[in-house]
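*Asks:* Supplied in structure tokens, the structure appears directly below.
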Amino acid sequence: MALRRIKREFDALSKLQKEEEESSFSLLLIDDNMFKWSIFIYGPKNTPYFGGKFEFIYDFPADYPFRSFKIQPNTKIFHPTFNRSYFCVCQHDFGKEKWSPSFTVEHSINFLKSTLKTPIITCCSQQKDLDEYEKDKGEFEKRAKEYTRRYAIPKDIVFQLILFELMSTKKSSGIFDISITFVK
Numbered sequence: 004m005a006l007r008r009i010k011r012e013f014d015a016l017s018k019l020q021k022e023e024e025e026s027s028f029s030l031l032l033i034d035d036n037m038f039k040w041s042i043f044i045y046g047p048k049n050t051p052y053f054g055g056k057f058e059f060i061y062d063f064p065a066d067y068p069f070r071s072f073k074i075q076p077n078t079k080i081f082h083p084t085f086n087r088s089y090f091c092v093c094q095h096d097f098g099k100e101k102w103s104p105s106f107t108v109e110h111s112i113n114f115l116k117s118t119l120k121t122p123i124i125t126c127c128s129q130q131k132d133l134d135e136y137e138k139d140k141g142e143f144e145k146r147a148k149e150y151t152r153r154y155a156i157p158k159d160i161v162f163q164l165i166l167f168e169l170m171s172t173k174k175s176s177g178i179f180d181i182s183i184t185f186v187k
């Protein structure tokens, strides 16, 4: 039963991804294993995560949908709700206490996109990030943009973004010095 349900959800999401005019996610199987997926969520517009590609690993139990899948962030992100080793879902329907077999991966993708726009303040795994978010939102957004640029945007795109920023601020002469450091 689990395999049939997982395959049906994978096929539906693959179709949805192709139909979206501007796809907000992509997915693929890890090692052709239907029980382990890699889902990329693209940072929403008007957020410090815009332009980023954030990977989440989905691990399905053998008795899915009667037990919830696990979601593990695989892209470093500066965000109060995300932790390097797990996604905090304590106040959401994807937690153990509130799980229902009617929930789908699509629900979780929409939830992840929403969480990138607005952190879940009541469920934060990164207290330090939450403190900064609440005290100085401008500084928080600056650090979140830096993390996004550093860890969630392919290096060739970062170079293009930097060049674009430089060219738009140096219109008068068109000549500028450039120094770029790539960080792994």
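Residue numbers for the sequence shown follow our numbering, beginning at 4 and rising by one.
Ideal placement from N, C-alpha and C gives every residue a C-beta, glycine not left out.
#1: Since residue 52 contacts residue 151 with CB under 8 Å, what's their CB separation in whole angstroms?
#2: Which residues share a DSSP beta bridge with residue 34?
#3: Less than 8 Å between the CB atoms is what I'm expecting for residue 115 and residue 50, so what's the real figure, rounded?
#4: Just to confirm my understanding: we take residue 148, look at its own chain, exclude 5 residues before and 5 after, and list those with CB closer than 6 Å. What are they?
#5: Is the Cβ-Cβ distance between residue 104 and residue 63 less than 8 Å?
#6: By Cβ distance below 8 Å, which residues in the same chain neighbour residue 19 in space, the five residues on each side in sequence not counted?
#7: Could you round the C-beta distance between residue 42 and residue 28 to whole angstroms and report it? I think they count as a contact, below 8 Å.
#8: Between the C-alpha atoms of residue 143 and residue 136, what's the straight-line distance to the nearest angstrom?
#9: Out of curiosity, what's the CA-to-CA distance linking residue 74 and residue 112?
#10: Taking all protein chains shown into account, decide if residue 24 is buried (16 or more other Cβ within 10 angstroms of its Cβ) or exposed.
#11: Going by the beta-carbon positions, is the gap between residue 155 and residue 48 smaller than 8 Å?
#12: Can you give the Cα-Cα distance for residue 84 and residue 54, rounded to whole angstroms?
#13: Are the Cβ atoms of residue 6 and residue 17 separated by less than 8 Å?
*Replies:* Reading from the atomic positions:
#1: Taking the sequence shown and counting its residues from 1, one reaches residue 52 at position 49. Taking the sequence shown and counting its residues from 1, one reaches residue 151 at position 148. Contact holds; Cβ gap of about 5 Å.
#2: To locate residue 34, count along the sequence shown from 1; it is residue 31. The partner list for residue 34 (beta bridge, DSSP) is empty, contrary to what the question assumes.
#3: In the sequence shown, residue 115 corresponds to position 112, counting from 1. In the sequence shown, residue 50 corresponds to position 47, counting from 1. Actually they do not touch by this definition, with Cβ atoms about 12 Å apart.
#4: Translated into positions along the sequence shown, residue 148 becomes position 145. Hits under 6 Å: 51.
#5: Start at 1 with the first residue of the sequence shown, and residue 104 comes out as number 101. Start at 1 with the first residue of the sequence shown, and residue 63 comes out as number 60. Cβ atoms of residue 104 and residue 63: not closer than 8 Å.
#6: Taking the first residue of the sequence shown as 1, we reach residue 19 at position 16. Closer than 8 Å at the Cβ level, and outside the excluded window around residue 19, lie 109.
#7: Sequence index remark: in the sequence shown, residue 42 carries index 39 (1-based). Sequence index remark: in the sequence shown, residue 28 carries index 25 (1-based). The Cβ separation is near 6 Å, so the contact holds.
#8: Walking along the sequence shown from the start, residue 143 turns up at place 140. Walking along the sequence shown from the start, residue 136 turns up at place 133. Cα to Cα, the separation comes out at about 5 Å.
#9: Indexing the sequence shown from 1 puts residue 74 at position 71. Indexing the sequence shown from 1 puts residue 112 at position 109. Approximately 10 Å, taken between the alpha carbons.
#10: Indexing the sequence shown from 1 puts residue 24 at position 21. Classification for residue 24: exposed.
#11: If you number the sequence shown from 1, residue 155 lands on position 152. If you number the sequence shown from 1, residue 48 lands on position 45. Going by C-beta atoms, residue 155 is not nearer than 8 Å to residue 48.
#12: Against the sequence shown, residue 84 aligns to sequence position 81. Against the sequence shown, residue 54 aligns to sequence position 51. Going from the Cα of residue 84 to the Cα of residue 54 covers about 19 Å.
#13: Walking along the sequence shown from the start, residue 6 turns up at place 3. Walking along the sequence shown from the start, residue 17 turns up at place 14. No, Cβ-Cβ distance for residue 6 and residue 17 is not below 8 Å.
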